[in-house]
Amino acid sequence: MTMTTDSNFQSPSLGRGGEGSPFFVIADDITGAAEIAGLGSTYGLSTILLTKLPDAMPDAQLVVLATDTRSMTEAEAVAETRAIGQWLCGIISSADAPITLYKKVDAAVRGHVVAELQTLMETLGYEQALYLPANPSKGRTISGGCCYVDGEPIDQTQFALDPDFPAFTASICLRLGITPSSRIRVADAVTLDDVRQAIGQALQNPEPTLLSGASDLFAALLEHQGFTPLANAPAFAGLSRTGAALIVCGSTQSTDLTTRPYIRQRDLPLNSMPRDVFDGTQGAAYWLMKIQILHFAKSAIRPARHGLILNIPFESSGSSAAALRLRTEMAQVVFALVGRMQPAELVIEGGATAFAVMQRLGWTSFRITQQVAPGVVRMQSLDAPSVHVTFKPGSYPWGDDLFDWKVEM
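The sequence shown: position 168 = 176 (my numbering), numbered continuously.
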């Protein structure tokens, strides 16, 4: 993509425009994008999730772009972010109403945060950025510039073992290398009122400020602009009663789903990634052969009549190269199974895995159906309308509804 920035371009509206001003959110992974999209739907916003830039801004109140920059090198992430910023320049200059831009970041302080924020600031003309990754509603807080998970310093939690962005310290500025010259302000937030106060101060700042944060900050932005959660949001009616379900647990921290009522009642078998595939001595074709023998052959030991669960039963090695290989193999297996099973439900845990699967399938546009639980979002693929897709971040719980709904057999 080649596009130059207009030197007279004014930075995007910070949400003061009122009714009719769409929100455009950039997320560095697909489950984070889905989380924001699902949140928007609970506030009654018509919402579209994209995995690539469209030719024109979709007709929706909230448009969320899922990138995969968290899985890229920093140089690749900067190039991708710059291209998005340049695309926005063209869109905003011809838009009928101001566009409110929001940069969704990870609540565990992962990703190429500083590089991406500075690239957007440079490309779009922002003077500074507010960076508030706290999610007090989910136990993710910031105090004294340090990140805590349920009261524990983040470097003393499982995030210290992240293969790509390990938390070697709880200090956000030390971990990310943020200095005063970065023009990025890290705000503390222990409560939701702290988050609301931060958004209010940012919107009152006369200098154009790029808003970046997790889902709680975006909710505070919506409320600051007068949106309120739907009072009578429809209850989740459950996954398909008749169509096949393909459930993909792409995180090595996945919990056991086999005891959940939906899984039991539909008799969904579990097939784990073989050790040879995990170690790299075999690939997707080997795993698919085993799946064929166990679940689809006439003499199948455990027939997949109503669907299948895939998981990775081994501990991660901590290598980013290994993580890339694992999600690539998983994506190839899912691609083949979607073609064979034609599932009505595709449920994926893990952001990098979900993005890899969507890329392999070629699905790029989704209309949000419902937020089933915080971060667990169900949507309809506009590229394959017969399929509902549900995404969940690897570090979030499934919630009480998705698999605990009892099927009427």
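Cβ coordinates follow ideal geometry from the N, Cα and C atoms, glycine included.
| query | result |
| --- | --- |
| Same chain, Cβ closer than 6 Å to S403, neighbours up to 5 away in sequence not counted | none |
| Cα-Cα separation, G383 to G221 | 15 Å |
| Contact set for G52: own chain, Cβ-Cβ below 6 Å, skip 5 residues either direction | L238 |
| Cβ-based neighbour list, P6, same chain, cut-off 8 Å, excluding 5 preceding and 5 following | The displayed coordinates of the chain run from 9 to 417. Any statement about residue 6 would go beyond what the structure contains. |
| At least three beta-carbon pairs within less than 8 Å, the region 132-139 to the region 39-59 | no |
| Contact set for F399: own chain, Cβ-Cβ below 7 Å, skip 5 residues either direction | I38, T39, A42, I356, A362 and V385 |
| Classification of G93 by the beta-carbon crowding that lies within 10 angstroms, buried from 16 upward | buried |
| For S307 and R118, the rounded distance between their alpha carbons | 46 Å |
| Residues that DSSP places opposite E160 in a beta bridge | V157 |
| Residue environment, K111, which counts as buried when at least 16 other CB atoms sit within 10 Å | buried |
| Buried/exposed call for E82, threshold 16 Cβ in 10 Å | exposed |
| Distance, Q164 Cα to A175 Cα | 8 Å |
| Through-space distance from G46 to V380, alpha-carbon basis | 8 Å |
| Own chain partners of M417 with C-beta closer than 7 Å, once the 5 adjacent residues on each side are dropped | Reliability fails at M417, whose pLDDT of 42 lies under 50, so the model's placement of it is uncertain and no value is given. |
| Identity of the residue in D63, A116, L182 and V86 nearest I100 by Cα | D63 |
| CB contact flag (Q69, P30, <9 Å) | yes |
| Cβ contact (3+ pairs, closer than 8 Å) linking the region 245-254 and the region 158-172 | no |
| Neighbour-count burial assignment, T443, 16 or more Cβ in a 10 Å radius | For residue 443 there is no data in the structure shown, the boundaries of the chain being 9 and 417. |
| Beta-bridge pairing of Y139 - partner residues as DSSP gives them | V194 and S220 |
| Endpoints, the beta strand (DSSP E) within which Y270 is located | Per DSSP, Y270 belongs to no beta strand (DSSP E); it is in the alpha helix (DSSP H), P269 to R274. |
| For A329, three-class secondary structure by DSSP | helix |
| In chain order, each beta strand (DSSP E) run of at least 3 residues that lies wholly inside the region 294-352 | 315-319 |
| contact_flag[the region 185-194, the region 346-355] where n(CB pairs < 8 Å) is 3 or more | no |
| Range covered by the beta strand (DSSP E) that runs through M426 | Because the chain here runs from 9 to 417, residue 426 falls outside it and cannot be looked at. |
| Q379 - containing beta strand (DSSP E), residue span | S373 to A381 |
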